[in-house]
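Contents: one structure, followed by commentary.
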Amino acid sequence: MNYFKKLLILPVTVLTFHFSSCAPTAGPAMNDNGQINTVRASNSLLQQGVQQFEAMKRKKRISTNPTYNAQMQRVAARLKRTINMPGARWEFVVFEDPTPNAFALPGGKVGVHTGLFPITKTDGGLAAVLGHEISHVTRNHAGSRKTQATGLALGGLILDQIAKRGGTSGADRAKLGALYGAGATVGFALPHSRKAELEADRIGTIYMAKAGYNPNEAVAMWQRFADYNRTKGRGSQPEFLRTHPLDTTRINALRAFLPTAMREYNRR
Ligand SMILES: [Zn+2]
Numbered sequence: 326m327n328y329f330k331k332l333l334i335l336p337v338t339v340l341t342f343h344f345s346s347c348a349p350t351a352g353p354a355m356n357d358n359g360q361i362n363t364v365r366a367s368n369s370l371l372q373q374g375v376q377q378f379e380a381m382k383r384k385k386r387i388s389t390n391p392t393y394n395a396q397m398q399r400v401a402a403r404l405k406r407t408i409n410m411p412g413a414r415w416e417f418v419v420f421e422d423p424t425p426n427a428f429a430l431p432g433g434k435v436g437v438h439t440g441l442f443p444i445t446k447t448d449g450g451l452a453a454v455l456g457h458e459i460s461h462v463t464r465n466h467a468g469s470r471k472t473q474a475t476g477l478a479l480g481g482l483i484l485d486q487i488a489k490r491g492g493t494s495g496a497d498r499a500k501l502g503a504l505y506g507a508g509a510t511v512g513f514a515l516p517h518s519r520k521a522e523l524e525a526d527r528i529g530t531i532y533m534a535k536a537g538y539n540p541n542e543a544v545a546m547w548q549r550f551a552d553y554n555r556t557k558g559r560g561s562q563p564e565f566l567r568t569h570p571l572d573t574t575r576i577n578a579l580r581a582f583l584p585t586a587m588r589e590y591n592r593r
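In this note's numbering, the protein residues as written are 326 to 593.
Right, dumping it as structure tokens:
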């Protein structure tokens with residue numbers, strides 16, 4: 326029984342670097358019936374995602390804000406019902422952190438910072454963000470990277486990339502790598518590939534539409550995020566925007582996809 330259960334685990338992920346050259350193995354993201362083709366991730370990737378999330382929960386403060394937590398669980402519950410991903414271990418946690426950020430990890434672990442809620446505002450706005458993050462998981466965007474095949478640990482790799490950016494020496498990088506093993510949190514500072522971002526935007530609106538949230542709210546929310554960046558993000562761009570480059574091209578692409586998403590919304 327346990328063995329059988331193990332076989333059923335079809336984990337997943339997020340967090341991509343620039344690796345647009347390798348497409349997910351699973352063909353079109355959505356079929357004509359509006360069903361999302363999920364992509365299974367390796368068990369080791371799942372393991373890393375779960376471990377990293379556990380480490381984050383120990384290290385970061387989990388929010389006790391009753392409004393944010395209630396909204397998170399309310400919206401997540403509706404979205405979860407629209408996802409067919411056997412073996413995913415969905416978990417949605419609000420972290421106490423003023424920077425507007427959200428992320429997802431292999432296996433279905435999703436985190437949202439308290440600082441994002443003033444931007445998402447409505448249930449629909451939050452559904453757009455969660456739908457986006459869920460899509461990184463169900464489409465296994467992290468697992469589609471070629472580097473995955475080298476067998477290097479995801480977290481270690483990310484740390485290494487960060488260290489390189491910061492000009493850290495090779496020896497220090499090795500230490501950082503060891504840190505990851507000890508449960509350091511990491512990884513969210515790297516840009517997703519543009520392709521993965523656009524796909525997550527599109528699929529995210531399908532999830533929100535199926536859950537009964539009007540996909541137009543996604544455009545409004547990303548617009549609010551862009552406005553936030555213009556007024557408050559100058560100088561120090563929010564982490565989410567470094568990992569999720571947000572520009573008019575991206576918002577326009579989403580707008581162009583709205584008729585498809587609305588079809589799912591009206592089909593319910
Ligand atoms: Zn993303």
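The beta carbon of each residue, even a glycine, is placed where N, CA and C say it ideally should be.
Because the structure is a prediction, the values reported are computed rather than measured.
Kindly list the residues whose CB is nearer than 7 Å to the CB of residue i, restricted to its own chain and excluding five residues on each side of it in sequence; keep chain order.
i	result
Pro584	none
Ile361	Ala354, Met355, Thr463, Ile528 and Ile531
Asn394	Ser388 and Val419
Lys557	none
Lys331	Model confidence at Lys331 stands at a pLDDT of 36, short of 50, so the residue's coordinates are unreliable; what they give is reported in the following sentence. Excluding residues within five positions, none has a Cβ falling inside 7 Å.
Ordered along the chain, which non-local residues of its own chain (more than five positions away) have a Cβ less than 6 Å from that of residue i?
i	result
Ala429	Val339, Val435, Glu458, His461 and Val462
Ala543	Ala453 and Thr530
Gly433	Ala413, Arg414, Trp415 and Val462
Pro375	The residue asked about is misnamed: residue 375 is Val in this sequence, not Pro. Once the five neighbours on either side are set aside, the close Cβ partners of Val375 are Gly432.
Ala545	none
Just to confirm, are residue i and residue j a CB contact at a threshold of 8 Å?
i	j	result
Asp448	Gln396	yes
Leu523	Arg575	yes
Pro431	Ala366	yes
Glu421	Ile387	yes
Ala401	Leu455	yes
Ala521	Leu370	no
Pro540	Ala586	yes
Assuming the contact rule is C-beta atoms closer than 8 Å, residue i and residue j should be a hit. Round their C-beta distance to whole Å, please.
i	j	result
Arg399	Gly537	Actually they are not in contact, since the Cβ atoms of Arg399 and Gly537 sit about 12 Å apart, beyond 8 Å.
Ala453	Met533	6 Å
Lys382	Val419	The pair is not a contact, with the Cβ atoms about 11 Å apart (cut-off 8 Å).
Could you name the residues of the same chain whose beta carbon sits closer than 8 Å to that of residue i, not counting the 5 residues immediately before and after it, in chain order?
i	result
Ala499	For Ala499, the predicted model reports a pLDDT of 49, less than 50, meaning its position is unreliable; a value from the coordinates is still stated below. None.
Gly359	Ile531, Lys535, Arg588, Glu589 and Arg592
Lys405	Trp415
Thr407	Tyr532, Lys535 and Ala536
Taking Cβ positions only, does residue i come closer than 8 Å to chain D?
i	result
Val364	Although the question refers to chain D, the structure presented lacks it and comprises just one protein chain.
Determine contact between the stretch 407-415 and the stretch 544-557, defined as no fewer than three beta-carbon pairs at a distance below 8 Å. For the pair of segments examined, the stretch 407-415 was found not to touch the stretch 544-557: the number of CB pairs separated by less than 8 Å stays below three.
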